[in-house]
Ligand code: BES
Ligand code: MN
Ligand code: ZN
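Residue numbers (my numbering): 373 to 821.
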């Protein structure tokens, strides 16, 4: 992923500094840079025997991810960065460069040779590597289509990760979900050809504080009997984005050896249409004991997460984190680049907000607004899985989850998108890890030595 030594240097030039940089070039080279304005991603090659072989425009200099341009647009070879702008964290720069080199090449060769970075001396290269590996794992899992990444494929991915880190995996599958009391996971997944399951991965010293990571693993979300229209179904292979994120995050945690007892829980299902599918109006039992009337079979993520959150709470966790592609409403609120999170723990919220800024992994706290909590009350059941109003869909989904989250431990919920709709530097179009780098940073602060 990284070069040990570099043969060429790239200089980072902001828009503000572009003119002066051009003027300072030797006469023979000035013409090559004539059109350089320093806009983000702009590259000038400066052949000759000068130390600096290329410039990379960094615009206003506020987005470290501009370095993501380098991997695919600089000529192949091993590069060093000649100058790190003030305030740019060398480890984050290294991570951003590496993330820009990603292509999902499972079905078609990428056909590019990458420019590799020789990380700045001040960078923690091993940390950049484990972060980039975790992100790329999440991306690969999301990008892999549902015909190859159903509940079985997701289980295989969890087992592979566990093997790599000496973690243990246990899985409850199919009708065993009923006998072991996961009624909602079973109901959502039972119509699909691959059996629903709850995948659990455990790792680390049992004496360390137990952190639960719960990820929505809906391998394909057709909507169920309340079937989605084509345009809304098109990307639903990514509805296991929460699971992909917690597995990528687990990779970072385990390879860093954080002082954590890790408990990953992934309810893995396909929300399919079939004769056995759960229906609008059905009333489900849940592991928590609460009854849930189904208003809409497309609000399936909160159901499978509900049972998994209850299970997480049974092991005396110190912190419970869930990640899920839970609502379209989260995108209406914040769009595809900023991830909302919900928690009643103010200190945790501040830590996360700060971590999001430090890691350029944008987060925004949203309210668990008490006034809307009763919208999730049922008339013939404890709860409904959808409110009968179009307002505040991401908040009401979070409030639904809170009824299943343990009351004994802090809990935080991320309503993520899991996808880049367009190519951006370091963030190629397709499956994306979101919030995981920020969470990892927060956990490192709390649980490293
Ligand atoms: N997986 C979807 C949410 C989603 C849609 C996430 C598009 C990202 C992009 C989820 O299962 C869903 O369908 N939610 C419904 C809930 C509604 C029926 C209460 C939604 O958001 O429309
Ligand atoms: Mn759905
Ligand atoms: Zn869904």
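Heads up, the beta-carbon is just placed ideally off N, CA and C, and yes, glycines get one too.
If you reduce the DSSP assignment to three classes, tell me which class residue i lands in.
| i | result |
| --- | --- |
| residue 476 | coil |
| residue 573 | strand |
| residue 399 | helix |
| residue 833 | No answer is possible for residue 833: it lies beyond the span of the chain, which begins at 373 and ends at 821. |
| residue 743 | helix |
| residue 404 | helix |
| residue 460 | coil |
| residue 424 | strand |
| residue 821 | coil |
| residue 504 | helix |
| residue 694 | strand |
| residue 515 | helix |
| residue 584 | strand |
| residue 530 | helix |
| residue 802 | strand |
| residue 394 | helix |
By the 10 Å Cβ neighbour count, where 16 or more other Cβ atoms means buried, how is residue i classified, buried or exposed?
| i | result |
| --- | --- |
| residue 743 | exposed |
| residue 736 | exposed |
| residue 481 | exposed |
| residue 479 | exposed |
| residue 677 | buried |
| residue 532 | exposed |
| residue 751 | exposed |
| residue 594 | buried |
| residue 642 | buried |
| residue 746 | exposed |
| residue 434 | exposed |
Can the beta-carbon of residue i be found closer than 8 Å to that of residue j?
| i | j | result |
| --- | --- | --- |
| residue 674 | residue 698 | yes |
| residue 418 | residue 404 | yes |
| residue 536 | residue 581 | no |
| residue 430 | residue 408 | no |
| residue 565 | residue 805 | no |
| residue 608 | residue 723 | no |
| residue 526 | residue 638 | yes |
| residue 628 | residue 573 | no |
| residue 672 | residue 596 | yes |
| residue 758 | residue 810 | no |
| residue 497 | residue 466 | yes |
| residue 772 | residue 748 | yes |
| residue 486 | residue 506 | no |
| residue 567 | residue 523 | yes |
| residue 791 | residue 798 | no |
| residue 610 | residue 514 | yes |
| residue 425 | residue 380 | yes |
Counting contacts by CB-CB distance shorter than 8 Å, is residue i in contact with chain B?
| i | result |
| --- | --- |
| residue 718 | Of the protein chains in the structure, only one exists, and it is not chain B. |
Can you confirm whether the segment 585-595 touches the segment 753-764 when touching is taken to mean that 3 or more C-beta pairs between the two stretches lie within less than 8 Å? Short answer: they don't touch.
Would you mind listing the alpha helix (DSSP H) stretches within the segment 606-669 that are 4+ residues and don't spill past its ends, in chain order? At a cut-off of 4 residues, the continuous stretches assigned as alpha helix (DSSP H) that sit fully inside the segment 606-669 are 613-628.
Would you be able to state if there are at least three C-beta pairs under 8 Å between the segment 455-474 and the segment 483-497? Enough Cβ pairs lie closer than 8 Å, so yes.
Is the segment 707-717 close to the segment 600-617, with three or more CB pairs under 8 Å? Contact between the segment 707-717 and the segment 600-617 is absent, because fewer than three Cβ pairs lie under 8 Å.
Completely contained alpha helix (DSSP H) runs for the segment 700-787, where each covers 4 or more residues: The segment 700-787 contains these whole alpha helix (DSSP H) runs: 701-706, 718-730 and 765-774.
Validate contact between the segment 647-657 and the segment 541-552 using beta carbons, cut 8 Å, 3 pairs: The segment 647-657 vs the segment 541-552: no contact.
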